[in-house]
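Protein chains in written order, with UniProt numbering: chain W, 1 to 444; chain G, 1 to 610.
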Amino acid sequence: MNRTKGDEEEYWNSSKFKAFTFDDEDDELSQLKESKRAVNSLRDFVDDDDDDDLERVSWSGEPVGSRTRPGSFQSLSDALSDTPAKSYAPELGRPKGEYRDYSNDWSPSDTVRRLRKGKVCSLERFRSLQDKLQLLEEAVSMHDGNVITAVLIFLKRTLSKEILFRELEVRQVALRHLIHFLKEIGDQKLLLDLFRFLDRTEELALSHYREHLNIQDPDKRKEFLKTCIGLPFSAEDSAHIQDHYTLLERQIIIEANDRHLESAGQTEIFRKHPRKASILNMPLVTTLFYSCFYHYTEAEGTFSSPVNLKKTFKIPDKQYVLTALAARAKLRAWNDVDALFTTKNWLGYTKKRAPIGFHRVVEILHKNNAPVQILQEYVNLVEDVDTKLNLATKFKCHDVVIDTCRDLKDRQQLLAYRSKVDKGSAEEEKIDALLSSSQIRWKN
Amino acid sequence: MAFPHRPDAPELPDFSMLKRLARDQLIYLLEQLPGKKDLFIEADLMSPLDRIANVSILKQHEVDKLYKVENKPALSSSEQLCFLVRPRIKNMRYIASLVNADKLAGRTRKYKVIFSPQKFYACEMVLEEEGIYGDVSCDEWAFSLLPLDVDLLSMELPEFFRDYFLEGDQCWINTVVQALHLLSTLYGPFPNCYGIGRCAKMAYELWRNLEEEEDGETKGRRPEIGHIFLLDRDVDFVTALCSQVVYEGLVDDTFRIKCGSVDFGPEVTSSDKSLKVLLNAEDKVFNEIRNEHFSNVFGFLSQKARNLQAQYDRRRGMDIKQMKNFVSQELKGLKQEHRLLSLHIGACESIMKKKTKQDFQELIKTEHALLEGFNIRESTSYIEEHIDRQVSPIESLRLMCLLSITENGDARCSLDTHYGPEHLLTFSNLRRAGLLTEQAPGDTLTAVESKVSKLVTDKAAGKITDAFSSLAKRSNFRAISKKLNLIPRVDGEYDLKVPRDMAYVFSGAYVPLSCRIIEQVLERRSWQGLDEVVRLLNCSDFAFTDMTKEDKASSESLRLILVVFLGGCTFSEISALRFLGREKGYRFIFLTTAVTNSARLMEAMSEVKA
């Protein structure tokens, strides 16, 4: 049924059999068949067996396409009821057991070779642990993963999991195949049992945690993440798992609240800037951006306030400033931007300070189409003079370029820059005034 | 520009035969299910199928309707259903759901599953478990070698990388072996074999076994290809992690070349339509620029455009007869060239725009610093900033891996917070595959390992070493780089127009490690003198050579080299070896499980829902 013609030919021609023809009377096999017919005629003793089911066994050992004989030759009760038949058989020819063996007595290495060719091949005769392991070793030493997995499927079915795990623990190549196989077929339970047995606690934890990816419903996902919290992750990962749970918990609250606000249509920010997507399952930084965008002014006590997020998740200053800057610049809230970099010292003087460096601030502002006046202010705060000059030139902050050249007493550069400003503009006048000034001692 | 091959360079064998073989076999299999049938094709097989057969061929063999295998109920009303799939569990489940739905509805149809390139026992197990074993007939379509170009054969198995290098599943080794066997039956035996890597060695052993079993098939044949070199991707992750700057690699990084063709969007075609373009040696314009450093490409294209203009201009002053000739003979070619030119110019512009936006210059500078091992602190802070700015998670991961391997230490930044906590799983994968390496425990582990080895028998020791190998894998990149001179010393500017070595594919900053190894071994015809390098690559047990008598091999065949990349190769590596071939009068043929690049490597490591 499932065997192709090629298979059959290969079976008959294979070296295990002498050339066989149906009219060859002397052939052992036909003798055997005859003996068997004789046995079968003693109906009362023998169950009605089909002649050709002897090799129609799939690689996993289950008879294929033939009537399933209850218990085949496996259960104890079967073996007992078989006894009379067995006692008959030797007298008439070969015992039934041997008869089966005859067609199936591939050695482990032959078996493995046949499996590699994709041939139908019963593994059922490998019943002792030693045989099974030998089969596995053969498969591993041949390197074909498909065959290793085939043998493992058989072992998984015919060995208790404790024995299987114990034997695989010292056979790493086979073990990796079993782990991958269990992942592929989605046998999560056995996989976790295996990791537990191997004492691979971290993999166990990760493997369990991985399941959250398949849970769509946010509340269910949150509940699932809660079950991950106590698992034996590495110290660092543990913190992330906790954060993951807390973050999703927050997102669920924020999402419900904001969806309501948005649909009510009373809040200006949501009317002006409708939300593009739900915040659920977004990374932390995206959540922070969202909160800086929609909830910037909220008091620290609310779950959706940026400051609260910063504290809860210990977001570093740099990251916070970058994100807040991007969000506020997008809204063109320049006052907020200004406040972000203003600090007061103990005497009450204000000072501008940017943990990310003002050159980055300028770039982000420029990306968000900030007007020149705003850009200029921040370009001026760049400490390194060369960088400042470059940025000012790049973003056409004329005043900064002019003032910097003046401070550097770089007449040549100022002269060169004159050609870049518009004719008759205020900038040109300013340059001209400087160039003709007698107050400055130019260095060139 | 577009360096010619040396006059003594050998001719490449004709690989188009492989396409014919695959097509004929598919037709044969379709004929095994006579009568009208609907064909369900797995998405990943569509492009490869496209390259060897078209819809009309399928129709000729009574394929009625075509469907994509996806998780949706089938609407087919045909009496016969044929599935053309990769041997994957999820495909079996899909087929089972269709068949079982039919059974419930009391409907009987014929089903046939064609596995490509081969059937796996795990798949049959699922069919059996789902109760449909025997209801469906199974066949194999051994289509494992797709010639993407005159010198490039792809197995189109990107999953090889994850399955083997992450999961340790050796299921594709036999597929590789079957492909090698096919090549040796068609093109004769390979007199000289070299290889490095665990998988390479296993594939080689299995292949030898197979050849012994089928003794005689290739015997007596004259070898056409003199050398074969097998190489595992994990011998050299660094090269695959670098940004590509030769044209073909850059096109792949920017637009993704899929199965030898690329979709150029409206920004390239300067029309409102996208265009699918085949990129291979037949595209004359592309063929001249594919291996060039990007900085040369613009100049070349504009020169080409001027020449074209000049040729068009010749029309002026032609008499009627000349004009007739021009129109009938030259115009078509010129138009074709014109079309191709404008496409590639469009692609270049689009690449430039994108790269300027991403501060490509700064990125490349950082990569070079990592490769050379200076300014590590600066590079690290660049990468951190890259992460902070949320440029792209894949890019950040790539840079971290590059930092980690070149510096031989874990460079884990706070990436999970930035790109979603699932990255926890990705990190774990990257570490298992050796793309992120651990900093400290290396030495401790080696100590533990040797201690354990002493306690157990030899055979078991090997197994325990296996278990440790992925953990103990240290990259030693710096030492290898020094030994193999991967960073060329350059006085003054490296002239990218006239490359002097393979480093040109990375702007003169770095010779791809994989290609350098191949070069060195071919030069020596063995691993002799490379012991230290092999040891540093953690491959002491997995570097091999095997020579047979060469009396039958012609001197021409001895300059043909088949390089087999297990786990994928990049276009940069292909360009570098093509360059080496031109220098030495060799020609390389590439066989890869799939064409890859840094983004594909990273994506293969990320976890998504099942």
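No residue lacks a Cβ here, since even glycine has one placed at the ideal position from N, Cα and C. As the structure is a prediction and not an experimental result, all values here were calculated from the model.
Measuring alpha carbon to alpha carbon, tell me which of W:Ser109, W:Glu162 and W:Ala256 ends up nearest residue 459 of chain W. Nothing about residue 459 of chain W can be read from this structure; chain W reaches only from 1 to 444.
On the three-pair Cβ rule with 8 Å, is the stretch 120 to 127 of chain G touching the stretch 81 to 89 of chain G? yes
Kindly indicate if chain G contains any beta-carbon less than 8 Å away from that of W:Ala256. In the first sequence, counting from the first residue as 1, residue 256 of chain W sits at position 256. By this cut-off, W:Ala256 is not an interface position.
Counting only Cβ pairs nearer than 7 Å, list the residues of chain G close to W:Leu136. The count along the first sequence starts at 1 and reaches residue 136 of chain W at position 136. By Cβ distance, chain G contributes nothing, its closest Cβ being about 12 Å from W:Leu136, past 7 Å.
Assuming contact is defined by CB atoms lying nearer than 8 Å, are G:Ser379 and G:Leu403 in contact in what I supplied? What you label residue 379 of chain G is simply residue 379 of the second sequence in a count that begins at 1. What you label residue 403 of chain G is simply residue 403 of the second sequence in a count that begins at 1. The Cβ-Cβ distance between G:Ser379 and G:Leu403 falls below 8 Å.
Check whether G:Gly195 and G:Phe229 have beta carbons under 8 Å apart: Taking the first residue of the second sequence as position 1, residue 195 of chain G is located at position 195. Taking the first residue of the second sequence as position 1, residue 229 of chain G is located at position 229. Yes, the Cβ-Cβ distance between G:Gly195 and G:Phe229 is below 8 Å.
Determine the contact status of residue 612 of chain G and G:Arg578, defining contact as a CB-CB distance below 8 Å. Within the shown structure, residues of chain G are numbered from 1 to 610, placing residue 612 of chain G beyond reach of any answer.
Using beta carbons (cut-off 8 Å, strictly below), is W:Thr149 in contact with chain G? One-based indexing of the first sequence puts residue 149 of chain W at position 149. It does; some Cβ of chain G falls within 8 Å.
Can you tell me whether W:Ser437 is buried or exposed? The criterion is at least 16 other CB atoms within 10 Å of its CB, across all chains shown. As a working mapping, residue 437 of chain W is identified with position 437 in the first sequence. By the 10 Å Cβ count, W:Ser437 comes out exposed.
Quick one: does W:Leu123 have its CB under 8 Å from some CB of chain G? As a working mapping, residue 123 of chain W is identified with position 123 in the first sequence. For W:Leu123, the answer is no, since every Cβ of chain G falls outside 8 Å of its Cβ.
Enclosing alpha helix (DSSP H) for W:Thr267 [first to last residue]: Start at 1 with the first residue of the first sequence, and residue 267 of chain W comes out as number 267. That residue, W:Thr267, is in no alpha helix (DSSP H); it is neither H nor E in DSSP.
Taking Cβ to Cβ, would you say G:Gln244 is nearer than 8 Å to G:Asn597? For the purposes of this step, residue 244 of chain G is taken as the residue at position 244 of the second sequence. For the purposes of this step, residue 597 of chain G is taken as the residue at position 597 of the second sequence. In contact: G:Gln244 and G:Asn597 (Cβ atoms closer than 8 Å).
Can you name the residues of chain G whose CB is closer than 8 Å to the CB of W:Lys318? Taking the first residue of the first sequence as 1, we reach residue 318 of chain W at position 318. Residues of chain G passing the Cβ test: Asp388.
Interface flag, W:Glu184 vs chain G, CB-CB below 8 Å: In the first sequence, the residue the question calls residue 184 of chain W occupies position 184. Answer yes: the Cβ-Cβ gap between W:Glu184 and chain G drops below 8 Å somewhere.
Give the C-beta separation of G:His5 and G:Arg582 to the nearest angstrom, bearing in mind that I take them to be a contact with Cβ-Cβ under 8 Å. Here residue 5 of chain G is taken as the residue at index 5 of the second sequence, counted from 1. Here residue 582 of chain G is taken as the residue at index 582 of the second sequence, counted from 1. That belief holds up - the Cβ atoms of G:His5 and G:Arg582 are roughly 6 Å apart, short of 8 Å.
Determine, for G:Asn100, whether the minimum Cβ-Cβ distance to residues of chain W falls below 8 Å. Here residue 100 of chain G refers to the residue found at position 100 when the second sequence is read from its first residue. It does not; no Cβ of chain W falls within 8 Å.
I'd like to know whether the C-beta of W:Gly230 is nearer than 8 Å to at least one C-beta of chain G. Walking along the first sequence from the start, residue 230 of chain W turns up at place 230. By this cut-off, W:Gly230 is not an interface position.
With DSSP as the reference, label W:Arg275 as helix, strand or coil. Taking the first sequence and counting its residues from 1, one reaches residue 275 of chain W at position 275. Secondary structure of W:Arg275 (DSSP, three-state): coil.
Listed by chain order, chain G residues near residue 450 of chain W by CB distance under 8 Å: Nothing in the structure corresponds to residue 450 of chain W, since chain W is present only between 1 and 444.
Candidates W:Pro218, W:Ile229, W:Arg418 and W:Phe197, of which the one nearest W:His208 by Cα: For the purposes of this step, residue 208 of chain W is taken as the residue at position 208 of the first sequence. Per the Cα distances, W:Ile229.
Quick check on DSSP: helix, strand or coil for G:Gly195? As a first step, residue 195 of chain G is located in the second sequence; it is residue number 195 there, counting from the start. If DSSP states are grouped into helix, strand and coil, G:Gly195 belongs with the strands.
For a cutoff of 8 Å on Cβ pairs, would you count G:Leu21 as touching chain W? Taking the second sequence and counting its residues from 1, the one referred to as residue 21 of chain G is at position 21. Under the Cβ distance rule, G:Leu21 does not count among the residues neighbouring chain W, no pair being separated by less than 8 Å.
Taking all protein chains shown into account, do 16 or more other C-beta atoms lie within 10 angstroms of the C-beta of G:Ala543, making it buried, or fewer, making it exposed? As a first step, residue 543 of chain G must be located in the second sequence, where it is residue number 543. So G:Ala543 counts as buried.
What residues are listed by DSSP as bridge partners for G:Lys68? The count along the second sequence starts at 1 and reaches residue 68 of chain G at position 68. Paired residues: G:Ile41.
Kindly indicate which three-state DSSP category G:Arg587 falls into: helix, strand or coil? For this step, residue 587 of chain G is matched to residue 587 along the second sequence. In the structure shown, G:Arg587 sits in a strand (DSSP, three-state: E or B).
Does any residue of chain W bring its CB to less than 8 Å from the CB of G:Ala460? In the second sequence, counting from the first residue as 1, residue 460 of chain G sits at position 460. Any reading at G:Ala460 is ruled out, since the residue's pLDDT is 37, under 50, leaving its predicted position unreliable.
Listed by chain order, chain W residues near G:Lys119 by CB distance under 8 Å: Translated into positions along the second sequence, residue 119 of chain G becomes position 119. Going along chain W in sequence order, the residues near G:Lys119 (Cβ under 8 Å) are Gly118.
With distance defined between alpha-carbon atoms, name the residue in G:Phe374, G:Leu363 and G:Asp252 nearest to G:Arg398. Within the second sequence, residue 398 of chain G is the residue found at index 398, counting from 1. Minimum Cα distance to G:Arg398 is reached at G:Leu363.
So that I know if they touch, is there some Cβ in chain G lying closer than 8 Å to that of W:Phe303? To locate residue 303 of chain W, count along the first sequence from 1; it is residue 303. Output row for W:Phe303: interface = no.
Would G:Leu84 and G:Ile41 qualify as a contact pair, given that the criterion is a beta-carbon distance under 8 Å? Walking along the second sequence from the start, residue 84 of chain G turns up at place 84. Walking along the second sequence from the start, residue 41 of chain G turns up at place 41. It is a contact, given that the beta carbons lie within the stated cut-off.
Nearest residue (CA-CA) to G:Asn100, options G:Val176, G:Ile132 and G:Ser154: Reading the second sequence from its first residue, position 100 is the one you call residue 100 of chain G. Comparing Cα positions, the closest option is G:Ile132.
State the Cα-Cα distance for the pair W:Asp399 and W:Glu427, rounded to the nearest angstrom. In the first sequence, the residue the question calls residue 399 of chain W occupies position 399. In the first sequence, the residue the question calls residue 427 of chain W occupies position 427. Looking at the two C-alpha atoms, the distance is approximately 7 Å.
Is the CB-CB distance between W:Phe165 and W:Leu194 below 8 Å? For the purposes of this step, residue 165 of chain W is taken as the residue at position 165 of the first sequence. For the purposes of this step, residue 194 of chain W is taken as the residue at position 194 of the first sequence. Yes, they are a contact pair.
Evaluate the contact criterion for the stretch 235 to 250 of chain G versus the stretch 505 to 525 of chain G: three or more CB pairs, one atom per stretch, below 8 Å. These segments touch.
So which residues of chain W does G:Val126 contact, with C-beta pairs closer than 9 Å? Numbered from its first residue, the second sequence carries residue 126 of chain G at position 126. By Cβ distance, chain W contributes Ile185.
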